[in-house]
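S.K.:
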Amino acid sequence: MEVYSKKITKTDARVRLSVSTESLDNHFFQLAAGEQSREFVAVDAGDEGQCWRLHLSIRSNGYRKPVIIGGWMKFVRDKNVQIGDAVRVSKEYYYDQATATQMMRYRVRVTREIQILGVWHVAVVP
0 MEVYSKKITK TDARVRLSVS TESLDNHFFQ LAAGEQSREF VAVDAGDEGQ
50 CWRLHLSIRS NGYRKPVIIG GWMKFVRDKN VQIGDAVRVS KEYYYDQATA
100 TQMMRYRVRV TREIQILGVW HVAVVP
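Its first residue numbered 0, the sequence shown is counted upward by one per residue in numbering that gives the first Met the number 0.
(1) What span of residues does the alpha helix (DSSP H) with Leu23 cover, start to end?
(2) Tell me, please, whether the CB atom of Trp51 is closer than 8 Å to any CB atom in chain B?
(3) Can you tell me where the beta strand (DSSP E) with Val75 in it begins and where it stops?
(4) Out of Glu91, Asn25, Gln35, Thr8, point me to the one whose CA is closest to Tyr62's CA.
(5) Looking at the structure shown, is Asp43 part of a helix, part of a strand, or coil, going by DSSP?
(6) Taking its Cβ as the centre, do 16 or more other Cβ atoms sit within 10 Å of Pro125, making it buried, or is it exposed?
(7) With Lys6 as the anchor, note down where its beta strand (DSSP E) starts and where it stops.
(8) Would you tell me roughly how many angstroms separate the C-alpha atoms of Glu38 and Phe74, rounded to the nearest one?
(9) State the Cα-Cα distance for the pair Arg76 and Asn60, rounded to the nearest angstrom.
(10) Are the CB atoms of Lys6 and Ala122 nearer to each other than 8 Å?
(11) Who pairs with Arg37 in a beta bridge, going by DSSP?
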């Protein structure tokens with residue numbers, strides 16, 4: 000299930016990933032009253048097995064303005080994320096046989112439009 004997606008802006012590529020308040024309220028984990036941030040792990044959909052430790056934060060007063068800051072710039076550098084790329088965060092449920100429980104995990108994927116022989120394609124950034 001898609002949690003959030005957007006085209007990467009200059010701020011996203013150089014400082015932090017802005018997240019819509021609607022996505023935070025409806026799809027990400029719910030922050031407890033008074034909680035302003037939470038760390039989470041996202042599995043890289045383009046490089047299976049690579050996990051990224053990310054940190055979602057909101058402002059303490061007024062407009063909450065959710066952003067992913069912690070770990071985001073390492074992700075951007077290591078994946079060579081560029082302005083105009085698209086990022087998609089999703090969550091999925093799976094059955095963990097070791098613990099015999101249903102688990103949830105986040106996935107993150109970056110795609111880029113590339114032109115091959117005059118035809119545009121969307122490619123997953125490895």
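Using N, Cα and C, we set each Cβ at its ideal position, and we do this for glycine too.
M.R.: Based on what the coordinates show:
(1) 20-25
(2) Absent from the structure is chain B; it holds one protein chain and no more.
(3) It is not in any beta strand (DSSP E) - Val75 instead sits in the alpha helix (DSSP H) that spans 71-78.
(4) Gln35
(5) strand
(6) exposed
(7) 1-6
(8) 14 Å
(9) 31 Å
(10) no
(11) Leu55
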